[in-house]
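Below: the structure, in structure tokens.
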Amino acid sequence: MRRTTPPRPIDVTAVFPQLAPLARPAIRLHPRPGSPTPLDSSVGGPLLWPADEPWPYCDEVHEWHESELDEWREGPNAMLSVVQLYVRDVPLLRPPGQADLLQVLWCPFEHEPDYKPPTKLFWRCAADVTDVLAVPPVTSAVEYDEYVPQPCVLAPEEIVEYPNFLELKKEVQHQLKSWNSWQEAGSGVDSSHAAQPAAFYKDELSLAPGWKVGGWTPWGLTDPVVRNCAACGAEMAPLLTISSKEWHSSYRSWVPCEDREIAAVVNSGVVNSPGVQISGGNHLQLYVCTESPEHPHTDLIQ
Ligand SMILES: [Zn+2]
Ligand SMILES: [Zn+2]
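Quick note, the sequence shown lines up with residues 12 to 313 if you use the working numbering.
See below:
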């Protein structure tokens, strides 16, 4: 399986050279329905989990109904597989030591105080896992089905992103909003963008929609906030973006070439193979320390 993002309508750095140093690689994961194995990179697929290693549980308060026993129970909740990424598929990952595999799990609950599913990250060496756990524990409590990812295979594809509009200096924001500055550069941009050239930047030239590794932050729910590592103070960088949709009618130019025919008939405008919805259509972004991937990660909803 392969997915190819079409070239951007224009090279934004030819119009605004000051953006060039802000180019940042990202890998779009392009999750699509499938039957991944523990040996595959996946969303919502089985993990290459050592049989002799305890499965992670969420220790917050949960209650669930055991239908067969017709009784309520409470206790810790077995976490769910969200993403498994092999470095061979996603070379942008910077694992610690000899690790070549990243596994992300979460509890399918919006826990207080931030009302988001708590996540756990594991880096490991795939070759060390000789005895794979065949059946993980059942996740008894699910607050929302939209936090149970449907199994998907991936078609990782590297692209280039530029910062979210809100993260740019005010001077650059003004230039992006001014149709004159686009015309002065002789960009040849379609005049249909004259009324809202900044929207053209936001929708088609800066951040790609969908699940991805690396890249920039989709600010909008809040203003940008610098994120620093709790262990060493270094700046943190986006590791993984968990998205509520793969594309939307506003982002048609990001639809992969291989999906153009499907996109043409999906008039609701949304494709979302994993079925995940983050707090009503947002993104959950995980961050890692730029100095050490083993320092505690953080997450953020935008
Ligand atoms: Zn929980
Ligand atoms: Zn750190």
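Even glycine gets a Cβ: it sits at the ideal position worked out from N, Cα and C.
Item	Value
Sub-7 angstroms separation of tryptophan 66 and proline 148 beta-carbons	yes
For valine 276 and proline 307, the rounded distance between their alpha carbons	43 angstroms
Glutamate 121 CB to nearest heavy atom of ligand 1 below 6 angstroms	no
Contact check, leucine 218 vs leucine 251, beta carbons under 7 angstroms	no
Contact check, proline 57 vs glutamate 169, beta carbons under 7 angstroms	no
Beta-ladder partner(s) of methionine 6, from DSSP	Missing from the structure shown is residue 6; the chain here goes from 12 to 313 and no further.
Own chain residues within Cβ distance below 7 angstroms of lysine 110, not counting five before or after	Per the sequence shown, residue 110 should be read as alanine rather than lysine. Closer than 7 angstroms at the Cβ level, and outside the excluded window around alanine 110, lie Trp134, Arg135 and Cys136.
For tryptophan 37, the residue or residues it bridges with in DSSP	The sequence given here places alanine at residue 37; tryptophan does not occur at that position. Alanine 37 pairs with Ile170 and Gly225.
Close-in-space but distant-in-sequence residues of the same chain around proline 20 (CB under 7 angstroms, 5 per side omitted)	Glu215 and Ser264
Contact check, glycine 292 vs proline 162, beta carbons under 7 angstroms	no
Given 8 angstroms, three or more beta-carbon pairs between the segment 62-79 and the segment 116-125	yes
Buried/exposed call for leucine 232, threshold 16 Cβ in 10 Å	exposed
Helix, strand or coil at arginine 238 [DSSP, three-state]	coil
Segment contact flag, the segment 149-159 with the segment 27-45, C-beta cutoff 8 angstroms, min 3 pairs	no
Glutamate 79 versus glutamate 85 - alpha carbon distance	16 angstroms
Sheet register partners of leucine 91 (DSSP bridge)	Trp117
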